[in-house]
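Novice: This is the structure I want to talk about, given as structure tokens.
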Amino acid sequence: MAPPSLDTQVSVVSAAAQTFVDHYYELLSRPRARGGGGGGGHGHGPSSSSPSSLSPFYASSSPRLAAAGLAPDIVVNGRPCASVAEFESLLEAQGHPAAYEVRSFDAQPVNPAFATTTGAAAAAPGAAASAEKGDLVSFALQVSGVVRLGRGHVSRGENGEAPGAASGGGGAVVPVAPGGNVFGPGKGEDTGPIEKQFNEAFLLVPHWEAWVAKNPPRNMRKWVILSQNYRTL
Numbered sequence: 000m001a002p003p004s005l006d007t008q009v010s011v012v013s014a015a016a017q018t019f020v021d022h023y024y025e026l027l028s029r030p031r032a033r034g035g036g037g038g039g040g041h042g043h044g045p046s047s048s049s050p051s052s053l054s055p056f057y058a059s060s061s062p063r064l065a066a067a068g069l070a071p072d073i074v075v076n077g078r079p080c081a082s083v084a085e086f087e088s089l090l091e092a093q094g095h096p097a098a099y100e101v102r103s104f105d106a107q108p109v110n111p112a113f114a115t116t117t118g119a120a121a122a123a124p125g126a127a128a129s130a131e132k133g134d135l136v137s138f139a140l141q142v143s144g145v146v147r148l149g150r151g152h153v154s155r156g157e158n159g160e161a162p163g164a165a166s167g168g169g170g171a172v173v174p175v176a177p178g179g180n181v182f183g184p185g186k187g188e189d190t191g192p193i194e195k196q197f198n199e200a201f202l203l204v205p206h207w208e209a210w211v212a213k214n215p216p217r218n219m220r221k222w223v224i225l226s227q228n229y230r231t232l
């Protein structure tokens, strides 16, 4: 299986990173759906998700990756999240309209044929062709921006509409006491708008079924998050 050229890897990763940033942070700016978690981690298989669920963006949404023991590693301001559902619970608990604005991002290829390292995956029909085109490259992504929380900022609606809602990353800063909110003041706390800078590091890997499986769903994410580290500055 011939690896893609470096030029191909860079071109593929640049386009994939732009698509990810546009869609992921737009979704973060929508109201969180209660109980819309899904996308388990650490051995839990994929589950159904609401339109505002982040679970399709994570490695746990791929049966092949999950079977290989690959689960999302998510850390928010030093606090590990055992699953995507737990991360979504933190987002829902912040209780504010939220607007995420990405100021910059940078992506670099890591493994030109990531899926070939998952055992029998390398022998799957179509794997060689996908690898040569760069479709199986994994990449590191660094995102910086501003998150605005609270009154005076309008989050996106369920259909993505929202005046002034920017696209960008989200996060938090230090571990908190049990029941605390790592993103800031919680629901019902009478505070004005909060604006914080954030920095977020990802490792994205190819969603195996999106590239190799026959007739994958049209809206399936082609790259998914294997590692995520969010920091509020």
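Residue numbering for the sequence shown follows numbering that gives the first Met the number 0, starting at 0 and increasing by one per position. By construction, the Cβ of each residue, glycine as well, lies at the ideal position given by its N, Cα and C atoms.
Do phenylalanine 113 and valine 12 count as a contact pair if the criterion is CB distance below 9 Å?
Specialist: No, the pair does not count as a contact, with Cβ atoms beyond the cut-off.
Novice: Provide the residue span of the alpha helix (DSSP H) that contains valine 83, from first to last.
Specialist: Unbroken alpha helix (DSSP H) run through valine 83: 83-92.
Novice: In the structure shown, what three-state DSSP assignment does arginine 63 receive?
Specialist: Helix at arginine 63.
Novice: Which residues bound the beta strand (DSSP E) around serine 226?
Specialist: Start and end: 222-231.
Novice: State yes or no: is the C-beta of glycine 144 within less than 9 Å of the C-beta of arginine 102?
Specialist: Yes, Cβ-Cβ distance for glycine 144 and arginine 102 is below 9 Å.
Novice: Measure the alpha-carbon distance for methionine 219 versus lysine 195 and round it to whole angstroms.
Specialist: Rounded to whole angstroms, methionine 219 to lysine 195 spans 31 Å at the Cα level.
Novice: Using DSSP's beta-bridge definition, name the partner residues of glutamine 196.
Specialist: Val145, per the DSSP bridge assignment.
Novice: Quick one: grab the DSSP three-state call for glycine 21.
Specialist: The amino acid at residue 21 is misidentified as glycine; the sequence shows aspartate. Three-state result, aspartate 21: helix.
Novice: On a Cα-Cα basis, can you pick out the residue from Pro205, Tyr229, Trp210 that is closest to tryptophan 222?
Specialist: Of the listed residues, the one whose Cα sits closest to tryptophan 222 is Pro205.
Novice: Which word fits serine 4, buried or exposed, when buried means at least 16 other C-beta atoms lie within 10 angstroms of its C-beta?
Specialist: Serine 4 is exposed by the Cβ-count criterion.
Novice: Could you give the distance in angstroms between the alpha-carbon of leucine 148 and the alpha-carbon of glutamate 87?
Specialist: Straight-line Cα distance between these residues: approximately 16 Å.
Novice: Between which two residues does the beta strand (DSSP E) carrying alanine 98 extend?
Specialist: First-last of the beta strand (DSSP E) with alanine 98: 97-110.
Novice: Using C-beta distances below 7 Å, list every residue in its chain close to phenylalanine 56, excluding the 5 sequence neighbours before and after it, in chain order.
Specialist: Result list for phenylalanine 56: Tyr23, Arg220, Val223, Ile224, in chain order.
Novice: Under the three-state reduction of DSSP, which class applies to proline 205: helix, strand or coil?
Specialist: In the structure shown, proline 205 sits in a strand (DSSP, three-state: E or B).
Novice: Could you work out which residue in Ile73, Pro30, Ala70 is closest to serine 51 when comparing CA atoms only?
Specialist: Among Ile73, Pro30, Ala70, the Cα nearest to that of serine 51 belongs to Pro30.
Novice: For the beta strand (DSSP E) containing valine 272, list its first residue and its last residue.
Specialist: In the structure as shown, the chain begins at 0 and stops at 232. Residue 272 is therefore absent and cannot be evaluated.
Novice: Have a look at Glu208, Asp105, Arg230 and flag the residue whose alpha-carbon is nearest the alpha-carbon of arginine 63.
Specialist: For arginine 63, the nearest C-alpha among the options comes from Glu208.
Novice: When the Cα atoms are used, what is the spatial distance from arginine 217 to arginine 78?
Specialist: Their backbone Cα atoms lie some 34 Å apart in a straight line.
Novice: Below 6 Å CB to CB, which residues in the same chain sit around valine 20 once its five sequence neighbours on both sides are set aside?
Specialist: Around valine 20: Val101, Phe104.
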